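All remarks here apply to the structure that follows.
Protein chains: 2
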Amino acid sequence: MPELRKDPIIGRWVIIATERAKRPTDFSFEKEKDSLSPHKKCPFCEGNESLTPPEIYAWRKSRTRPNAPGWKIRVVPSISPFLNILGDLDRHGKRMYDLMNGIGSHEVLIATPHHGPDAFIKDLPQIEKLTEVIIKRMRELKKDQRLKYVLIFKNYGKVAGGGNIPHEHLQLIATPVTPKRVKEELVGSKRYFDYKDRCIFCDMIRQELDQNERVFLEVDNFLALNPYCSRFPFETWILPRKHSCDFDTMTKDEIKGFSKIFQLTMDGMIKTLGNFPYNIILHTAPFRRRKKKGYWETIENDYHWHIEIMPRLTQVAGFEWGSGFYINPTPPEEACKYLREVESSE
Amino acid sequence: MPELRKDPIIGRWVIIATERAKRPTDFSFEKEKDSLSPHKKCPFCEGNESLTPPEIYAWRKSRTRPNAPGWKIRVVPSISPFLNILGDLDRHGKRMYDLMNGIGSHEVLIATPHHGPDAFIKDLPQIEKLTEVIIKRMRELKKDQRLKYVLIFKNYGKVAGGGNIPHEHLQLIATPVTPKRVKEELVGSKRYFDYKDRCIFCDMIRQELDQNERVFLEVDNFLALNPYCSRFPFETWILPRKHSCDFDTMTKDEIKGFSKIFQLTMDGMIKTLGNFPYNIILHTAPFRRRKKKGYWETIENDYHWHIEIMPRLTQVAGFEWGSGFYINPTPPEEACKYLREVESSE
Numbered sequence: 015m016p017e018l019r020k021d022p023i024i025g026r027w028v029i030i031a032t033e034r035a036k037r038p039t040d041f042s043f044e045k046e047k048d049s050l051s052p053h054k055k056c057p058f059c060e061g062n063e064s065l066t067p068p069e070i071y072a073w074r075k076s077r078t079r080p081n082a083p084g085w086k087i088r089v090v091p092s093i094s095p096f097l098n099i100l101g102d103l104d105r106h107g108k109r110m111y112d113l114m115n116g117i118g119s120h121e122v123l124i125a126t127p128h129h130g131p132d133a134f135i136k137d138l139p140q141i142e143k144l145t146e147v148i149i150k151r152m153r154e155l156k157k158d159q160r161l162k163y164v165l166i167f168k169n170y171g172k173v174a175g176g177g178n179i180p181h182e183h184l185q186l187i188a189t190p191v192t193p194k195r196v197k198e199e200l201v202g203s204k205r206y207f208d209y210k211d212r213c214i215f216c217d218m219i220r221q222e223l224d225q226n227e228r229v230f231l232e233v234d235n236f237l238a239l240n241p242y243c244s245r246f247p248f249e250t251w252i253l254p255r256k257h258s259c260d261f262d263t264m265t266k267d268e269i270k271g272f273s274k275i276f277q278l279t280m281d282g283m284i285k286t287l288g289n290f291p292y293n294i295i296l297h298t299a300p301f302r303r304r305k306k307k308g309y310w311e312t313i314e315n316d317y318h319w320h321i322e323i324m325p326r327l328t329q330v331a332g333f334e335w336g337s338g339f340y341i342n343p344t345p346p347e348e349a350c351k352y353l354r355e356v357e358s359s360e
Numbered sequence: 015m016p017e018l019r020k021d022p023i024i025g026r027w028v029i030i031a032t033e034r035a036k037r038p039t040d041f042s043f044e045k046e047k048d049s050l051s052p053h054k055k056c057p058f059c060e061g062n063e064s065l066t067p068p069e070i071y072a073w074r075k076s077r078t079r080p081n082a083p084g085w086k087i088r089v090v091p092s093i094s095p096f097l098n099i100l101g102d103l104d105r106h107g108k109r110m111y112d113l114m115n116g117i118g119s120h121e122v123l124i125a126t127p128h129h130g131p132d133a134f135i136k137d138l139p140q141i142e143k144l145t146e147v148i149i150k151r152m153r154e155l156k157k158d159q160r161l162k163y164v165l166i167f168k169n170y171g172k173v174a175g176g177g178n179i180p181h182e183h184l185q186l187i188a189t190p191v192t193p194k195r196v197k198e199e200l201v202g203s204k205r206y207f208d209y210k211d212r213c214i215f216c217d218m219i220r221q222e223l224d225q226n227e228r229v230f231l232e233v234d235n236f237l238a239l240n241p242y243c244s245r246f247p248f249e250t251w252i253l254p255r256k257h258s259c260d261f262d263t264m265t266k267d268e269i270k271g272f273s274k275i276f277q278l279t280m281d282g283m284i285k286t287l288g289n290f291p292y293n294i295i296l297h298t299a300p301f302r303r304r305k306k307k308g309y310w311e312t313i314e315n316d317y318h319w320h321i322e323i324m325p326r327l328t329q330v331a332g333f334e335w336g337s338g339f340y341i342n343p344t345p346p347e348e349a350c351k352y353l354r355e356v357e358s359s360e
């Protein structure tokens with residue numbers, strides 16, 4: 015009998031197929047290939063800096079010039095930005111509709127000077143540095159009073175909208191509104207907090223550690239787990255064990271722990287699933303600032319940041335767009351077993 | 015400057031790229047091909063009835079036997095159902111999680127005895143009959159007290175999760191819960207109704223007819239429009255002009271009008287976009303029944319059923335899963351222009 019499970023945070027129901035659960039080898043996906051034409055230069059490679067818009071920030075050797083070689087991580091504006099950084103929000107109504115100018119920032123975080131998909135994930139200091147750069151950008155963008163949220167995400171593989179440049183990079187979109195999915199989680203965790211006076215994510219973590227069926231990894235003060243209401247086969251979340259709303263408040267030590275678990279999680283998933291297509295997204299609290307009139311915005315301390323890794327293995331997902339109803343052919347408990355097996359066979 | 019638009023019903027923000035808007039010819043998608051191996055029989059063709067599970071219902075010539083030729087529309091259980099029709103719901107908690115048995119029905123509505131993608135959409139009486147069959151199934155499933163909702167949808171094309179049988183068919187999933195997206199619309203339209211004492215969809219229709227920028231077609235008492243907050247390029251909704259919560263309360267005349275506008279809409283979209291991949295989904299009110307204790311469930315008369323047609327032309331959509339933030343490169347006003355041009359050039 016399949017199971018209908020209710021997401022405790024946002025109340026979404028998911029169908030989990032408990033019989034004939036799909037194994038890692040049951041999924042087929044197109045091999046990702048380097049689709050950059052051989053006579054074209056990769057705009058993200060060291061030496062090709064002139065092929066991107068001028069850099070916003072770079073972690074580079076001292077005495078190297080901006081937009082020249084010598085960098086390890088580089089942040090550039092998107093060449094086809096969805097949002098503009100210049101202008102006023104001009105929020106207004108048009109009869110029954112509401113709109114505002116598409117103010118925001120759309121940036122590309124080039125994670126390594128080296129081409130190809132493998133260079134980055136094997137290099138732990140580079141992952142740590144990238145985490146620092148993300149935090150740096152978030153803190154910088156927080157100063158812009160027009161902006162409310164920074165979306166950090168990575169699309170890998172064609173079916174995941176990953177584009178055709180096989181050079182490790184993330185995207186950053188800073189927006190003047192909080193994305194709907196994050197807002198739903200904020201509302202859900204606030205409701206729980208109001209009722210229980212505890213963080214729902216903290217309670218979930220405690221229960222998951224206790225049940226020990228869906229926790230794939232524990233590293234320092236972080237864990238990687240396959241959530242009870244996984245929408246996708248092998249969906250994996252990384253969370254700090256210690257309560258924390260904002261990604262950008264991590265200490266140096268926490269950045270090390272986070273980078274380590276991120277590396278091990280991706281490594282385990284790739285060993286289990288192969289070179290799989292995925293979306294990764296960071297969920298963190300919206301910007302909270304002291305308002306001019308001297309009070310704080312009413313976003314409480316009841317959120318808990320986390321990373322969602324969503325493998326795109328199934329095409330069954332067609333109608334989910336229109337219904338919000340997910341069908342997952344691999345129970346998270348099974349996914350976790352496979353991931354643990356790979357890990358323990360090391 | 016791109017525009018951020020807020021969906022008036024559920025409050026979702028969408029980025030609409032107003033400059034360099036993408037035209038129909040800017041989208042490339044894989045040609046759909048008949049991927050049924052030549053030596054395999056199509057299970058949905060007349061004469062191959064034994065290849066599906068026994069039929070649940072069929073519209074067939076009198077004096078023909080069930081599961082034999084002579085039918086025009088056939089409803090069969092899915093061969094790989096996501097939900098089981100037999101059993102108890104057994105809703106219960108598992109510490110902080112909630113779950114229930116995956117009770118429900120998963121059916122395939124074979125829309126025509128003829129193979130290939132074109133046979134169905136050109137045949138108006140067949141569309142009318144299919145609409146009647148959908149209504150019949152909805153009314154039948156409504157009798158099952160365990161069920162709350164009937165999801166009717168169609169996935170066409172590989173990227174839309176359409177499977178590999180190029181024989182026109184819809185899917186039906188009856189569930190013991192209301193899908194999240196529909197619930198959000200119910201909540202949003204109730205909030206508007208409580209405030210304005212009017213249906214938000216009716217107000218939207220009135221405004222759209224008045225503005226005349228996004229209404230693609232008007233046929234009898236139905237319209238096809240490209241919604242102000244379209245998530246996808248060329249997203250199109252079909253709505254009854256007259257307020258109505260439930261799809262299954264249509265009269266004979268309304269079924270005729272609906273079938274006509276559905277045919278013209280699909281025809282116009284195919285002429286504009288080519289043989290494009292899509293998801294279609296019906297949004298209608300959940301089942302409302304008189305409860306045993308003598309009162310009605312508190313779902314008000316404030317909803318308005320509609321069909322959402324979502325072309326799957328962009329792969330940009332990667333991170334939307336995790337953020338609920340949509341980016342649409344074709345403003346609905348532009349989409350509507352292209353659709354109207356094709357229509358008027360007839």
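Top line first, the protein sequences correspond to chains A and B. Letter by letter, the first sequence follows residues 15 to 360 of my numbering. Letter by letter, the second sequence follows residues 15 to 360 of my numbering. The beta carbon of each residue, even a glycine, is placed where N, CA and C say it ideally should be. Since this is a predicted model, take the numbers as computed values, not measurements.
C-beta neighbour in chain B for residue i, strict 9 Å
i        : result
A/Val191 : yes
A/Leu18  : yes
A/Trp319 : no
A/Gln225 : yes
A/Arg74  : no
CA nearest to the CA of residue i, picked from the options
i        : options                                   : result
B/Phe41  : B/Lys351, B/Gly288, B/Glu357 and B/Trp335 : B/Gly288
B/Ile93  : B/Arg74, B/Met114 and B/Pro68             : B/Pro68
B/Leu18  : A/Tyr111, A/Gln140 and A/Gly175           : A/Tyr111
B/Pro95  : B/His120, B/Leu103 and B/Ile166           : B/His120
B/Ile295 : B/Thr189, B/Thr286, B/Met324 and B/Ile70  : B/Met324
B/Gly176 : B/Arg153, B/Val356, B/Phe290 and B/Val233 : B/Phe290
B/Ala133 : B/Glu199, B/Thr250 and B/His181           : B/His181
A/His320 : A/Ile275, A/Leu353, A/Lys156 and A/Leu144 : A/Ile275
B/Phe261 : B/Phe207, B/Pro139 and B/His318           : B/His318
B/Leu184 : B/Phe167, B/Pro247 and B/Ser64            : B/Phe167
A/Leu155 : A/Cys56, A/Tyr71 and A/Asn169             : A/Tyr71
9 Å Cβ cut-off: residues of chain B touching residue i
i        : result
A/Met324 : Trp335 and Gly336
A/Gln159 : Residues of chain B passing the Cβ test: none, with the nearest at roughly 16 Å.
Local conformation of residue i per DSSP, three classes
i        : result
A/Ile294 : strand
A/Glu222 : helix
B/Tyr242 : coil
A/Gln361 : Lying before the first or after the last residue shown, residue 361 of chain A is absent from chain A, which here runs from 15 to 360.
A/Arg34  : coil
B/Pro346 : helix
A/Lys194 : helix
A/Ile141 : helix
B/Glu146 : helix
B/Met152 : helix
B/Phe236 : strand
Partners in chain B for residue i, counting only beta-carbon separations shorter than 7 Å
i        : result
A/Trp251 : Correct list: empty, because the minimum Cβ distance to chain B is about 11 Å.
A/Gly101 : Met15
Within chain A, partners of residue i - CB distance below 9 Å
i        : result
B/Pro22  : Met110, Tyr111 and Asp112
B/Gln221 : Arg109, Met110 and Tyr111
Under 8 Å by beta carbon: chain A residues contacting residue i
i        : result
B/Val122 : Under the 8 Å cutoff, chain A gives no residues; its nearest Cβ is about 14 Å from B/Val122.
B/Tyr242 : Tyr111
Residue i: contacting residues in chain B (beta-carbon distance under 8 Å)
i        : result
A/Met218 : Met110
A/Phe96  : Pro16, Ile29, Ala31 and Ile341
A/Asn62  : By Cβ distance, chain B contributes nothing, its closest Cβ being about 24 Å from A/Asn62, past 8 Å.
A/Arg26  : Lys194
Minimum Cβ-Cβ distance from residue i to chain A less than 9 Å
i        : result
B/Thr328 : yes
B/Ile187 : yes
B/His297 : yes
B/Ile214 : yes
B/Val173 : yes
B/Tyr352 : no
Proximal residues of chain A, C-beta to C-beta of residue i below 7 Å
i        : result
B/Arg195 : Gly336, Ser337 and Gly338
B/Gly116 : Met15, Pro16, Glu17, Leu18 and Ile29
B/Ile135 : Per Cβ cutoff of 7 Å: no residues; B/Ile135 is ~19 Å from chain A at best.
- prompt: In chain order, which continuous runs of the beta strand (DSSP E) of length 3 or greater are located wholly inside the stretch 44–126 of chain B?
  reply: For the stretch 44–126 of chain B, the full-length beta strand (DSSP E) segments reaching 3 residues or more read 71–74, 85–91, 106–108, 111–115 and 119–124 along the chain.
field: Unbroken stretches of the alpha helix (DSSP H), 4 residues or longer, contained in the stretch 164–217 of chain B
entry: Segments of the alpha helix (DSSP H) lying fully in the stretch 164–217 of chain B: 194–210.
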